[in-house]
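A short write-up of the structure that comes next.
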Amino acid sequence: MAIKFPSTHKAISKVDYFYDQPGVAPGVLSLSADAEPATLSVIDYDSETVDCHHITDPDEAERYLQNKSVSWLDLSGLGNQSTWQSLSKTFNLHPLLVEDVVNVPQRPKIEHYAGQLLIVSWMVTPDKTATGFRKEQVSLILGKSYLLTVQEEPDHDCFQGVRDRIAHGRGSLRHQGADYLAYCLLDAIIDGFFPVLEHYGELIDELEDEVVSQPTKKTLEKIYRIRRDLLTLRRSIWPQRDAINQLIRDGSEFISDEVKIYLRDCYDHTVQVMDMVETYRELATGLMDVYLSSVGNKMNEIMKLLTVVSSIFIPLTFIAGVYGMNFNVEKSPLNMPELSWYWGYPACLTLMGIVGGSLAFFFWRQGWFSSSQINKS
Amino acid sequence: MAIKFPSTHKAISKVDYFYDQPGVAPGVLSLSADAEPATLSVIDYDSETVDCHHITDPDEAERYLQNKSVSWLDLSGLGNQSTWQSLSKTFNLHPLLVEDVVNVPQRPKIEHYAGQLLIVSWMVTPDKTATGFRKEQVSLILGKSYLLTVQEEPDHDCFQGVRDRIAHGRGSLRHQGADYLAYCLLDAIIDGFFPVLEHYGELIDELEDEVVSQPTKKTLEKIYRIRRDLLTLRRSIWPQRDAINQLIRDGSEFISDEVKIYLRDCYDHTVQVMDMVETYRELATGLMDVYLSSVGNKMNEIMKLLTVVSSIFIPLTFIAGVYGMNFNVEKSPLNMPELSWYWGYPACLTLMGIVGGSLAFFFWRQGWFSSSQINKS
Amino acid sequence: MAIKFPSTHKAISKVDYFYDQPGVAPGVLSLSADAEPATLSVIDYDSETVDCHHITDPDEAERYLQNKSVSWLDLSGLGNQSTWQSLSKTFNLHPLLVEDVVNVPQRPKIEHYAGQLLIVSWMVTPDKTATGFRKEQVSLILGKSYLLTVQEEPDHDCFQGVRDRIAHGRGSLRHQGADYLAYCLLDAIIDGFFPVLEHYGELIDELEDEVVSQPTKKTLEKIYRIRRDLLTLRRSIWPQRDAINQLIRDGSEFISDEVKIYLRDCYDHTVQVMDMVETYRELATGLMDVYLSSVGNKMNEIMKLLTVVSSIFIPLTFIAGVYGMNFNVEKSPLNMPELSWYWGYPACLTLMGIVGGSLAFFFWRQGWFSSSQINKS
Amino acid sequence: MAIKFPSTHKAISKVDYFYDQPGVAPGVLSLSADAEPATLSVIDYDSETVDCHHITDPDEAERYLQNKSVSWLDLSGLGNQSTWQSLSKTFNLHPLLVEDVVNVPQRPKIEHYAGQLLIVSWMVTPDKTATGFRKEQVSLILGKSYLLTVQEEPDHDCFQGVRDRIAHGRGSLRHQGADYLAYCLLDAIIDGFFPVLEHYGELIDELEDEVVSQPTKKTLEKIYRIRRDLLTLRRSIWPQRDAINQLIRDGSEFISDEVKIYLRDCYDHTVQVMDMVETYRELATGLMDVYLSSVGNKMNEIMKLLTVVSSIFIPLTFIAGVYGMNFNVEKSPLNMPELSWYWGYPACLTLMGIVGGSLAFFFWRQGWFSSSQINKS
Amino acid sequence: MAIKFPSTHKAISKVDYFYDQPGVAPGVLSLSADAEPATLSVIDYDSETVDCHHITDPDEAERYLQNKSVSWLDLSGLGNQSTWQSLSKTFNLHPLLVEDVVNVPQRPKIEHYAGQLLIVSWMVTPDKTATGFRKEQVSLILGKSYLLTVQEEPDHDCFQGVRDRIAHGRGSLRHQGADYLAYCLLDAIIDGFFPVLEHYGELIDELEDEVVSQPTKKTLEKIYRIRRDLLTLRRSIWPQRDAINQLIRDGSEFISDEVKIYLRDCYDHTVQVMDMVETYRELATGLMDVYLSSVGNKMNEIMKLLTVVSSIFIPLTFIAGVYGMNFNVEKSPLNMPELSWYWGYPACLTLMGIVGGSLAFFFWRQGWFSSSQINKS
């Protein structure tokens, strides 16, 4: 019986990109008519002060663009049509940029626009309820002194550490520009892959024992699911590596040279994530081979048991059958005279014991009785 | 028993290119002598007006080349020899260009000619009657102010959305040149891959349960067929990606810089299609591994059942056989005295019960009776 | 029992290149001493006239080099030592060039020499008698106004179409130089791969049904052989693609720019051939997976039959065995009193019927009797 | 039953990189608060003198930076927070450099900083207690006249040979700069892979016999574990090759041209290590295929035994069963008259002998009794 | 039972490179203290004269460096410490060069030194006694007018053809410099791979029949061994191709342009060798798939036999068992009245015949008796 995964798991298990109906004009947003307006949480800071707000009217955002402090505007959820009309006007966003942010999921990438740099990224978070992980698109729109982030899902993000560092002024974050903030968020997103991967590392460790000692259908399903999830993770991290590499190589007017050095560190982390994903994928493939061999081994053990029992008792039954024949002992002295012997029955039992014992000894010498092979299957 | 796919499916399942008999001169068209002339549907538009016609005489097409409006001439079906004589003359087409358009299928590609740009593309549409998809070649011949499209099959295309946008003046389409129209059609062709792929994604989802719980021959066939179809899709999208990339990189006199930006978006979509194709291909390969393991598992369960039944009853039958022997109890007190005991038969039944019960207990402790393993196979 | 392929098949089934005994000097020709002199068929043409001859003395060839018309000298078979002494002198051939032409097979390649361009190519032709194809080396030695072609085998080539076009003056062939003729022959060679590939496409189509419904040893052999032949085809077409690409990229003094455009078309065809070869190879690999699974399925069905029969009759035989025991009913009322009951035998038969029927019902509910699984295996 | 590897083995078996909690600021060191201060062993040498010390206060290190001799400071263990505060100040280390050195493991790499060159490397040493190997990070911080090395683990290194060469003044080491010392250590690290690999080469050699003649579950586990360990080794050596190659290509102000020649030799060794790793990986994959086939072979042999025994005795038992039927010979002369024949019983035994013997002969002729197939399984 | 390969085979079956104990200084030679001095065979020639000697004192070699003729000094065996002290002094060899030559095996490569060019190459020769091949390192040290070759093993080389050409003055060898001689030896080394490969081609041909018709354990071992040997050959030829390519691309002061053209021919041969190795590797992988399927097929046939015998005789034995029951016919007319019928026994035998015959007919119609499937397994 197949395990029924919770429906949320299905949702994240494929790399299914957003697509328009063929023929639809570029720039059309796929927001349902009754989508709720999203709340913008604004963190406005410089080395001196920090200012946190929640604003519901995107038009208010304009205020933060004027001042010289760094403004981080975080939109949780994709908002609705009017949200984006306001934001497009306020930030002067290109329609194709808005399309990439709203029509999720898009493949992670870097796009250079006149007034902004768009970084499309995928964030994964461990999923406590299901046994997998959640995947959502995070778009970073980087301007001169502001960073607008858009998260696909309102709940869960891995930015709390960054918020704390802003609030408590730890590290150099408060002394740097919006590009450094963008780096910090990207780095948090990449670091978020590690706990998810570690979970799969542990799953593989557990399966390594199970697959040899107790392979069941459920094992098979687990291996398949790990392979499927790792495939998704691979497809998630691969384009991010390319995007960050491209950013380091080509640069951008919005990224200072100092931040580029930090991005190199971030690039190293994406390479490490990919390394782990590839390693786990190869281990999972190896497990599948082991599983197949184990199934064959198990069958060998079942067959051995059947062969031992059949091979011992079938000849004995034949002997018993011979002496159950009804030849008429009175008509001929040749007709089964042993039936009337004084030692007939004990001799017959002895014969059976010898035959059965010899066979059992033969199998024992072949090692078919060793407990590791039959009992502990 | 093998499923008999409808014949149309066979037709699309291979990447079989058109080829000449060896030695035939280049430029020879492979049209049957009695092919019907194809109808040209013409949409002539500028930002003010839209004009739709169906013309049967290709010579009439000349009229639309003169005016300054954008002319989209759509040839459904490949036409006959005289169609192409007219068109070659009217549009001044190179013989090799005509050969690539008519001798279908050709590999998707971009060819630069003196007066036109040729884009050979493959369009896939979900096939309602069969369970697969249809594949046909669409050739886009882009001139200064016109676009001539040639579809291999008269029915089915995914251009209706574009036609509507021209008719209703939605978006900026009516304000742009023929190159933007070519982009829109290319984009519609690429977007047409997504619903087809989604169908295979669902098939794989269904098979994931089936392959573990109820693997049959039909499952095997489905997996093979999915792999085969995804192989065709891969071979279809791969060269289109190369062609669009080449167009962006090398440019063309017929493509404006503004449209190139949109082509980059189109390129992103081809990459996304390829990503999905590769993901599904790996999942399908994984399913094949799971299938093979499931077949082994199923055999294990069958063998377990046989072993349980045989191992329990064969020893019992032997005991019964022993007491069916005809040793003469009167000739010797050693000859099966138990047959004459008062409690002989009950003792014998008890012995059988103990032996059978012990064996059954042994198998039960081994977990061979667990319903998940025998009953629910 | 293994199919015995005709010996000619073995000959073509490997990519075994010609090799010298280690230490032999370069330029030594591997022609047997008693090889027959080969006949040169000469076609000398310009736009006005065509002249066909067969000459047996290679020295006569010199005559054709003087005139301004294009001369195609076709050597069928590799000739003998004196043939090549003449030809080397007449055409002023480099010893390494002659070695590549005569010591067949060489890997397809382009070599630039002082007075000639050497194109080494492999031609495949369907093999009517065997079930595979023939492969032979064709060397094209292109000079300013002549083309010398050398075919490994005297029979079979795919140049008849080109000869007809020269004879009847169809197309532009008669108006072009020797380089265009070389292109036409190369194109004919590449187009010659398609019918061979189509044959393998059909074989795979046939096997797709067979491998699921009736997998036998012969099926296995067919799949292996298809894989082996496709491997040979792949090794044949891959270097030709490289060679033609190199010719387009680097150019040569003997190839005009106009002909280079046609070579691009030829290059497209090699890419299409490779595409088909790769597709078929992946399909054949998929078939092997299906075969392995089918063998497992077949075993499942055999085992099911054995299990059904054994599981039903072994318990019944046990019951019969019990009532065949010879306990003395007179010594004790406990000793098998049922043997003396009025309804004893019918009750016993009923018991057997119930046991057997229950087991049969159990198997039927498990679906083990469904005809698709046992009868149609 | 699965082998329980010692816990240390688990620790080295994965490529699990160090990672921060998402959102943590860059430059934070992951040292436990109560980590012990590490001891610095200093070797200060020039061509004349050698000076060896153990210093516990990192501030003392400053003294060695002043003189002109080469100073090798080796930190065994990662130290604690105050160690790194001292060292950072003394050597003027960049925070990101310290992070890469302390937050182990990092992927092997080269990083250029203002005052130092950082080489992150992985060292493997055979593990005597377990059956695998130990892996630890060694960081080389190369300055103008000093080399600071940091080893993850205090015990085990492969630098003893280098220490001896310094002490005894063998070779040119004493006459060269700190860069040559760095090369010597790197070379020792790379050479340290060979004995580990040789161990796996021997394991594979042993398995080659075992997998064909005596495949057990333990064999399967060994193969899987070898594949897993080789995967780790591959992931260890691959980035080191890239790093050394990058160092040779791009150079550094801290590496003289003369040492670069030696690094090329070191690069050759990494390529040889990779060559061996890849070869062993392919052999291990081949072993897995052989294992799977051997399991199938073994089952064939078990089944053959069962088939021989069953096929011989089941028909014989049937014959005995027939003559055990109780048809009343007195009621009809047709009812089993053979029971009353004079030669009845001998004839019956003869019949059984003929049937059984024929079957046994049939199996013998099929080669099913050959000792290589049943006894020596 | 595993085949015991002769010990020499083990020696060549891995790509195990020479390695120093970690920490050993570069330039240390690994020669045993009591190694015998090797003999230098000198061939000194120009277009006029040839002079052959065997010299035992390496110091004598100096004499040949002075004259203008080409000197080929061939050292068979690696010599001892004093040999290399002499040679290093005479030829002014770099310590790293000597290390690469003596510490065998090294990966094939090209190294440029001040006064020489070092070409490290691997030579394979068919091994008559064992069934594989021998592999040894040949180092070519090319100076202005001399060539010093060092062979790992004293016996077997493939240079006899070159020696003959020098002796008899065949070809242009005597008129060329030491670089041409180096090319001739390299070419002989590469050509030496072909007969070895041809041997494996024949082995694969033989196995193609065996693997389908008579798959045994030995077949499995042969396939594995072929794969292992081809892996070694691949690892041997791959770096040689790179080395020769690098020599052609980068050139060297010791190689004239004319010889470079010949090296291109030599490069072609390495590509052909690699082509054959890859082809055979893919064939061997295909054979392993076929083997696995054949094992499954064989099991099917064994199971069919068991199923046929069991399914026919088990029901018959049941019938016999029924009539062997001891129901008391006198107590009730319902108790087995057929035992007392006149036609009872014949009727019973007929019933058995019908049941057995029907089952046999059923199996026959299923094709289970066809000789190709049971007898010829």
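Residue numbers (our numbering), protein chains in the order written: chain B, 1 to 377; chain U, 1 to 377; chain X, 1 to 377; chain E, 1 to 377; chain Z, 1 to 377. Ideal Cβ positions, reconstructed from N, Cα and C, are used throughout, including at glycine.
Spatial neighbours of E/V212 in its chain, beta-carbon cut-off 7 angstroms, leaving aside the 5 residues before and after: V290, S294
DSSP three-state assignment for E/R170, whether helix, strand or coil: coil
Opening and closing residue of the beta strand (DSSP E) in which Z/I255 lies: Counted as a single uninterrupted DSSP element, the stretch harbouring Z/I255 is not any beta strand (DSSP E), since DSSP gives it neither H nor E.
X/L185 to X/I110 span [Cα, whole Å]: 15 angstroms
Residue closest to B/R281, alpha-carbon to alpha-carbon, out of B/R365, B/R234, B/L306: B/R234
Straight-line Cα distance separating B/R264 from E/H112: 12 angstroms
Per-residue contacts from Z/P315 into chain X (C-beta, under 8 angstroms): V309, F313
Contact set between U/Q21 and chain X, taken where Cβ atoms lie within less than 8 angstroms: G161, D191
Within-7 angstroms CB hit, Z/L334 to chain X: yes
Test: X/S88 CB closer than 7 angstroms to a CB of chain U: no
Contact with chain E by B/K222, beta-carbon distance below 7 angstroms: no
DSSP state of B/L40 mapped onto helix, strand, coil: DSSP places B/L40 in strand when its eight states are reduced to three.
Simplified DSSP state of Z/K331, which is helix, strand or coil: coil
Residues bridged to E/R134 [DSSP beta-bridge criterion]: Checking the DSSP bridge columns, you'll see E/R134 partnered with E/T125.
Contact set between the stretch 274–300 of chain U and chain X, restricted to residues whose Cβ is under 8 angstroms from the partner: M288, Y291, L292, V295, G296, K298, M299
Strand pairing of U/W72, partner residues [DSSP]: U/I43, U/L147
CB contact check: Z/V24 to chain E, cutoff 7 angstroms: At a cut-off of 7 angstroms between beta-carbon atoms, Z/V24 makes contact with chain E.
Given Z/R225 as reference, the closest of Z/D51, Z/A284, Z/D275, Z/Q176 once Cα atoms are compared: Z/A284
Which residues DSSP lists as bridging B/I312, in chain order: According to DSSP, B/I312 bridges with nothing at all.
Neighbourhood of U/M336 by C-beta distance below 8 angstroms, restricted to the same chain and skipping five residues each side: Y323, M325, F327, V329
Cβ-based burial, X/Q246 [other Cβ within 10 Å; buried from 16]: exposed
Cross-chain neighbours of X/G132 in chain Z, by beta carbon under 8 angstroms: Simply none; closest approach about 14 angstroms.
DSSP-derived helix/strand/coil call for X/V211: helix
Short-range partners of chain U found in the stretch 95–126 of chain B, where Cβ spacing is below 8 angstroms: Of all residues in the stretch 95–126 of chain B, those with a C-beta nearer than 8 angstroms to a C-beta of chain U are L96, Q106, R107, K109, reading in chain order.
Cβ neighbours of Z/S311 in the same chain (closer than 8 angstroms, five flanking residues each side left out): L359, F363
Interface partners of X/A188 on chain U, CB under 8 angstroms: Near X/A188 (Cβ distances below 8 angstroms), the residues of chain U are P22, G23.
Interface positions of the stretch 230–255 of chain X facing chain Z (Cβ-Cβ less than 7 angstroms), listed along the chain: L231, R235
Run of the alpha helix (DSSP H) containing E/D187, from where it starts to where it stops: 178–191
Per-residue contacts from B/P346 into chain U (C-beta, under 7 angstroms): L334
Cβ of X/K331 within 7 angstroms of any chain U Cβ: Yes, because at least one Cβ of chain U sits closer than 7 angstroms to the Cβ of X/K331.
is_contact[B/F361, chain E] using C-beta, thresh 7 angstroms: With 7 angstroms as the cut-off, B/F361 does not count as an interface residue toward chain E.
Exposure of Z/W368, with buried meaning 16 or more beta-carbon neighbours within 10 Å: Taking all protein chains in view, the Cβ of Z/W368 is crowded by 16 or more other Cβ atoms within 10 Å, so the residue is classified as buried.
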